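Residue numbers (this note's numbering), protein chains in the order written: chain B, 2 to 402; chain W, 992 to 1123.
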Amino acid sequence: MSAVSKSSARNNSLRGKIAVIGIGMSPVGKVPGKSPLWLAADAAKKALADAGIQKREIDGVLSSHAMASPFHRFSIAFSEYFGIQPTFSNTLQVSGATAATMFNIGAAAIHGGLAETVLVVAGDSLLSGLTPELALRSLTESRDQQYEMPFGIPVANTFAMTAHRHMKEFGTTPEQLAQVAVTQRRHASRTPGAQQTKPITVDDVLNSGMVTTPYHKLDCSLISDGGAAFVLTSAERAKALGIERPVYLLGGAECYTHEHLFLMPSLTTTGAVESSRRAYAMAGYGAKDMDVAGVYDCFTGTVIMMLEDLGFCPKGEGGRFVADGQMTYGGQIPSNTHGGLLSFAHSGIPGSLFHFHEVIAQLRGQCGERQVADANLGLVHSLGAGFATNATTIFGTERTL
Amino acid sequence: MKKPLPAPDADTAEFWRGLRNGQLLLQHCGDCGNVQYYQQGICRNCGGENLTHRPASGRGKVHSFSVVHRAPGPAFKGDVPYAVLLVELEEGPRMISTYIGGKPDDVTFDMDVTLVCEPINDEITLPRFRRA
Chain B
2 MSAVSKSSAR NNSLRGKIAV IGIGMSPVGK VPGKSPLWLA ADAAKKALAD
52 AGIQKREIDG VLSSHAMASP FHRFSIAFSE YFGIQPTFSN TLQVSGATAA
102 TMFNIGAAAI HGGLAETVLV VAGDSLLSGL TPELALRSLT ESRDQQYEMP
152 FGIPVANTFA MTAHRHMKEF GTTPEQLAQV AVTQRRHASR TPGAQQTKPI
202 TVDDVLNSGM VTTPYHKLDC SLISDGGAAF VLTSAERAKA LGIERPVYLL
252 GGAECYTHEH LFLMPSLTTT GAVESSRRAY AMAGYGAKDM DVAGVYDCFT
302 GTVIMMLEDL GFCPKGEGGR FVADGQMTYG GQIPSNTHGG LLSFAHSGIP
352 GSLFHFHEVI AQLRGQCGER QVADANLGLV HSLGAGFATN ATTIFGTERT
402 L
Chain W
992 MKKPLPAPDA DTAEFWRGLR NGQLLLQHCG DCGNVQYYQQ GICRNCGGEN
1042 LTHRPASGRG KVHSFSVVHR APGPAFKGDV PYAVLLVELE EGPRMISTYI
1092 GGKPDDVTFD MDVTLVCEPI NDEITLPRFR RA
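As structure tokens, then:
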């Protein structure tokens, strides 16, 4: 861990100003009979208990829309359900990157005096409340009605076409894609409550049936139920509360490059290059300094491309990097140590929050047998809508400030 | 189960009219020379509104593709497997389409393709591509 350019971090930035003081997660996977609001509330209760604060101390709530919930203003419906009346709130929507934006906006609101203690919370019930068929249709129907949908372009297809082009340009193989799923399944086998824990092989992935080339069923993330919640407050207040192991937001940045897949500037280099560059600059650390990562993994190829764009390996080397064991324990950057969207759970926006939960738990040293030794700096990358939205978040322990 | 069809709006009515007449219209900006797909009220490059529709040559290359084996909803179940294409038009812009006139497995990267206008009903004609 070397401070590569700490001095270059802007003085007025959010770096180190905001701490995560509580984290919580509902049961995940198949959770029948529980609404998105209950899943969110269960996670929120746990996050508050973890922080050791009462619900009346929450004055800000940021959330995301739940596909299985009728409420347009989910953050408002949540606050009523949870019995609080916040004075700062919003329901955000930039697909998979929403998770990161909740942290960024929550941190900025605290720093700017709009709120003192912000609850970041989301819950959804894609498996039990919506059914897999309806969840996929709903995602598909979020594509453009005139220029994409009439051609029967599944949500997987936007990501499939980027991965396919990556294979053509850099020689990335189906076996290397499969290795991402195999590695993450191994990670999930050590995560209590993970939805899929049975070990799989590269052959299992390749024989799991084609969904849309080059993706087989096991190259695709799960469809799940579940919620997650976090309590953010100022570094000063975290100290005053006597929080034992606050985790600090060191860098947060976003990049939005297009809406339609056909206007994506490059199919193989994404907005993650810019979002991570800005997040590293704010944090004053680089890719080489990171001890653990949560990398959005809607599909296996997504992880390979992101490991490149986040600077963990050169462009085009992602497949070899993964096959060489560099994304697991003992490698360069242990990633998705909970199993990720591919094996732990994917309940929509909360799925992306699970990466935050895992990386923060790693930095607090709470991951038991899957703990990454001496983890002090962690990165989470969230993305969505066929790489249209990208956001990188960097966290650190007290000693990284 | 009916397939989703485009509902032309104020920005795009002329584009869909063009397809009905067998032409794929691209917008050319008279101020900066930008050529754009899809149809907008302003130029994405310079913001100008001096836009002219001109028919594309219909020639392009397959920049990427994905053969769909599991349909996105019941409307497309009868069509699988089919190849969704990201076509790079000769004029520069890229567009999403589907491959017709051959087996989806025949599609390759950078393959030359040609526009085929396929009428769906009285109002809508979809732009598809076949091997050149």
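Virtual Cβ for every residue (Gly too), placed ideally from N, Cα, C. Predicted model only: the values in this text are computed from it and were never measured.
About 12 Å separates the CB atoms of B:Leu242 and B:Val21; that is not less than 8 Å, and the two are not in contact. A direct Cα-to-Cα measurement between B:Val181 and B:Ala110 gives close to 37 Å. Residues of chain B with a Cβ closer than 8 Å to the Cβ of W:Asp1070 are, in chain order, Gly153.
Identification of chain W residues near B:Leu268 by a Cβ-Cβ cut-off of 8 Å yields His1054, Ser1055 and Leu1077, ordered along the chain.
The beta-carbon separation of W:Ala1074 and W:Phe1100, rounded to 12 Å, does not stay under the 8 Å limit for a contact.
The Cβ atoms of B:Met328 and B:Thr184 sit closer than 9 Å to each other. Residue range Pro37 to Ala52 is occupied by the alpha helix (DSSP H) that includes B:Asp51. When the beta-carbon positions are compared, W:His1044 and W:Glu1079 stay at least 9 Å from each other. DSSP places W:Tyr1028 outside both helix and strand once states are collapsed to three, so it counts as coil.
Residue state for W:Val1098 is assigned as coil, using DSSP reduced to three classes. The three-state reading of DSSP puts B:Ala109 in helix, counting H, G and I together. Sorting W:Phe1067, W:Asp1000 and W:Arg1085 by C-alpha distance to the C-alpha of W:Lys993 places W:Phe1067 at the top.
At a cut-off of 9 Å between beta-carbon atoms, W:Lys994 makes contact with chain B.
Secondary structure at B:Tyr82: helix, using DSSP grouped into helix, strand and coil.
Using a Cβ-Cβ cut-off of 7 Å, B:His347 is close to nothing in chain W; its nearest Cβ partner there is about 17 Å away. W:Pro1118 is bridged by DSSP to W:Cys1108. Listed along chain W, the residues sitting closer than 8 Å to B:Asn158 by beta-carbon distance are Ser1057, Val1059, Pro1063 and Val1075. C-alpha of W:Asp1103 to C-alpha of B:Ile106: approximately 46 Å in a straight line. Residue state for B:Ser277 is assigned as helix, using DSSP reduced to three classes.
Between the segment 47-59 of chain B and the segment 257-273 of chain B, the count of Cβ pairs shorter than 8 Å is below three; the stretches do not touch.
One finds Ile1087 in chain W with Cβ atoms closer than 8 Å to the Cβ of B:Glu149, taken in chain order. In the three-state reduction of the DSSP assignment, W:Glu1040 falls in the coil class. Here the alpha carbon of B:His73 sits roughly 34 Å from the alpha carbon of B:Glu237.
At the C-beta level, B:Ser143 and B:Ala392 stay beyond 9 Å of one another. In this structure, DSSP gives B:Lys289 a helical state, which the three-state scheme calls helix. For the segment 209-220 of chain B, the set of positions with a beta-carbon nearer than 9 Å to some beta-carbon of chain W reads Gly210, Met211, Val212, Thr213, Thr214, Pro215, Tyr216 and Lys218 in chain order. With contact defined as three or more Cβ pairs closer than 8 Å, the segment 1032-1044 of chain W and the segment 120-127 of chain B are not in contact. Using a 10 angstroms sphere on the CB of W:Cys1023, the tally of other CB atoms stays under 16, which defines it as exposed. Cβ contact annotation for B:Gly341 (same chain, cutoff 6 Å, sequence separation greater than five): Gln185 and Asp298, in chain order. CA-to-CA, the gap between B:His188 and B:Val381 works out to about 17 Å. Under the Cβ distance rule, B:Leu127 does not count among the residues neighbouring chain W, no pair being separated by less than 9 Å. For B:Thr174, the CB contacts under 8 Å within the same chain, skipping 5 residues up- and downstream, are Met168 and Gly320 in chain order. If you draw a straight line from the Cα of W:His1060 to the Cα of W:Pro1072, it is about 5 Å long.
Annotation note: the segment 311-351 of chain B contains the following uninterrupted alpha helix (DSSP H) runs of length 4 or greater, listed N- to C-terminal: 319-324 and 341-344.
Spatial neighbours of B:Val373 in its own chain (CB-CB distance under 8 Å, excluding positions within 5 residues in sequence) are listed in chain order as Asp292, Val293, Tyr330, Pro335, Thr338 and Gln363. At least one C-beta of chain W is nearer than 9 Å to the C-beta of B:Phe263.
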